[in-house]
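Reading through the structure tokens given below for one structure.
2 protein chains.
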Amino acid sequence: MSTQEELRIIALAEFASAGYSATSLQRIAELASVSKSSVLYHFASKEHLLEAAIGPAIDRMEAVLAPLEGTGLGNERRAFLEGFVDFLLEYRLEVNMFINQGSSLVDVPVIERANTVVAHLAEFFSRNSQSLEENMRFGIALGGAAYMLCTAHALGLDVTPATEIRAALITIMNELLAPVSTT
Amino acid sequence: MSTQEELRIIALAEFASAGYSATSLQRIAELASVSKSSVLYHFASKEHLLEAAIGPAIDRMEAVLAPLEGTGLGNERRAFLEGFVDFLLEYRLEVNMFINQGSSLVDVPVIERANTVVAHLAEFFSRNSQSLEENMRFGIALGGAAYMLCTAHALGLDVTPATEIRAALITIMNELLAPVSTT
DNA sequence: ACAGGCTCTGACCGATCGGTCAGCTAGCGT
DNA sequence: ACGCTAGCTGACCGATCGGTCAGAGCCTGT
């Protein structure tokens, strides 16, 4: 694995667990057994490193959420849900960052892009829900699923059997979103 | 309002929105229109300020979760749920901090206390659930409710009618926790 | 009038932050 | 043998961090 790719992975893990602003370039360099200068050789700045770390996840999220731009989910709801859950499972660390630091890292362009996508998602469900309670179901389902996955280990939850997790997540979220877009 | 109390409130808001490590004492001082030295006069250190800011919320959380230490919820489940939701609504900012920064602020004693309480909560539901899916329902319900409340404004959600929010939250969480401890 | 404590402040400290820069080294094409 | 480039480094920069300290201003009890 190239040094650049290794730095990307280490930075993502540290940004997600300790927080972006609490993670110094010095620490990333030490974890990768290189010098701080080397980090700044591969990535022009700390912000560029953040962008490289979470950019792919945002691209994927945009792709997953693209079908929502149309009139509605229609009969493809389950497929959308599966795609969304797969996204959560594959990009846990990045989602963890969006969830926990998305609001505090405003003014960082790449985070702004993630927030925009999430806002679109929220707007879609807000538009397709007919009451405050339905709207809250969306928030709990999506936020809760993302939150639980990211902090499960901190709660002593075992989430190793990925396929079982996936099936349970889809079932629960499907229930929560039941009233939405069944028109 | 005393300067000390004002600093506590300002610090809590900043810690919750921008993050603990991203918030400098200088900024808190400026928001309160006092000097940084004055902040450190009222609170011995940044960590003491954090403790003062979120300590009351942890006390309250411990009180709300105390009934779980026994054999189970029994027929007091709804009362517990209402107490928990009221806690979430009253201490939104503090809960936001536990959720978003609880894992990254380890080694700070007061945060450790909060994490311990949350771990107890998780352990209780883990013990009283009979499958992975039930366990995940707990995570989604509690985490999702807390998450949604704290970041609702960032998602464009309007959560001003507190009584309506409260009723909807209790309804949804009651559904999610339905299989748990109905024995 | 005066002494003492409470509140607050600016000057200052060492440490660490993100970032710059000149230069070292190894490999490779010619 | 030569020069060029990619990868990497230590020394260094100004800014900001959390925290210390001596002292100013003010209010109150005596």
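Those protein sequence lines, which keep their order, are chains G and X.
Note that the working numbering gives residue 114 to position 114 of the first sequence, counting from 1, and the numbers run on in steps of one.
Here the working numbering runs 1000 ahead of the position in the second sequence, where the first position is 1.
Beta carbons: idealized from backbone N, C-alpha and C, even for Gly.
Keep in mind that this is a model prediction, so the values were computed, not measured.
- Only I99, N100, Q101, G102, S103, S104, N115 from the region 85–116 of chain G bring a Cβ to less than 8 angstroms from some Cβ of chain X.
- Collapsing the DSSP output to three states places Q1130 of chain X in coil.
- Note that the C-beta distance between M148 of chain G and I1140 of chain X is below 8 angstroms.
- The Cβ of L169 of chain G sits closer than 8 angstroms to at least one Cβ of chain X.
- For T116 of chain G, the secondary structure class from DSSP, reduced to helix, strand or coil, is helix.
- Between G1143 of chain X and chain G, the shortest Cβ-Cβ separation is below 8 angstroms.
- Distances from the CA of A1063 of chain X to each of X:A1114, X:P1109, X:R1027 were compared; the closest alpha carbon is that of X:A1114.
- If you draw a straight line from the Cα of E1094 of chain X to the Cα of S17 of chain G, it is about 19 angstroms long.
- Between the region 1158–1176 of chain X and the region 1079–1092 of chain X, the count of C-beta pairs closer than 8 angstroms reaches three or more; the two stretches touch.
- One thing to note: I1099 of chain X has its Cβ within 8 angstroms of the Cβ of A1146 of chain X.
- Taking a beta-carbon distance threshold of 8 angstroms, A11 of chain G does not count as an interface residue toward chain X.
- Here the alpha carbon of A1032 of chain X sits roughly 7 angstroms from the alpha carbon of I1010 of chain X.
- Only residues of its own chain outside the window of five on either side were considered, and among them L1025 have a CB closer than 8 angstroms to the CB of L1040 of chain X, listed in chain order.
- Taking every protein chain shown into account, the CB of E1014 of chain X has 16 or more other CB atoms within 10 angstroms, so this residue is buried.
- L105 of chain G and N1075 of chain X have their alpha carbons spaced roughly 44 angstroms apart.
- Counting along the chain, A1013 of chain X sits inside the alpha helix (DSSP H) bounded by residues 1003–1018.
- E1112 of chain X and F1087 of chain X have their alpha carbons spaced roughly 19 angstroms apart.
- Neighbours of S1017 of chain X across chain G, judged by C-beta separation under 8 angstroms: S103, S104.
- For T171 of chain G, the uninterrupted alpha helix (DSSP H) run begins and ends at 162–176, by DSSP.
- When only Cα atoms are considered, N1174 of chain X and V110 of chain G end up about 38 angstroms apart.
- The criterion of a C-beta distance shorter than 8 angstroms is satisfied by Y1091 of chain X and A1057 of chain X.
- Looking only at X:H1048, X:G1019, X:L1049, X:E1006, the smallest Cα-Cα distance to V1034 of chain X is reached by X:E1006.
- Take E1030 of chain X, set aside five residues on each side of it, and no residue of its chain has a beta-carbon closer than 6 angstroms to its own.
- The closest CA to that of A1022 of chain X, considering only G:S45, G:S103, G:P161, is found on G:S103.
- By the C-beta density criterion, T1116 of chain X is exposed, having fewer than 16 other C-beta atoms within 10 angstroms.
- It is roughly 14 angstroms from the alpha-carbon of N1128 of chain X to the alpha-carbon of L1176 of chain X.
- Not one beta carbon of chain X lies nearer than 8 angstroms to the beta carbon of S45 of chain G.
- The Cβ atoms of G19 of chain G and G1143 of chain X do not sit closer than 8 angstroms to each other.
- Assignment of Y41 of chain G by DSSP, reduced to helix, strand and coil, places it in the helix class.
- For H153 of chain G, the closest of X:E1123, X:P1161, X:H1042 by C-alpha to C-alpha distance is X:E1123.
- Taking C-alpha positions only, Q1004 of chain X is separated from L89 of chain G by approximately 44 angstroms.
- Put simply, the backbone Cα of A44 of chain G is about 37 angstroms away from that of H1048 of chain X.
- The C-alpha of Q1101 of chain X is placed about 19 angstroms away from the C-alpha of I1028 of chain X.
- Listed in chain order, the non-local C-beta contacts of R78 of chain G below 8 angstroms within the same chain comprise I170, N174, local neighbours out to five positions each way being set aside.
- Within chain G, the C-beta atoms nearer than 7 angstroms to that of E1164 of chain X come from L132, in chain order.
- Scanning chain X for C-beta atoms nearer than 8 angstroms to the C-beta of M148 of chain G yields M1136, G1139, I1140, G1143, G1144, reported in chain order.
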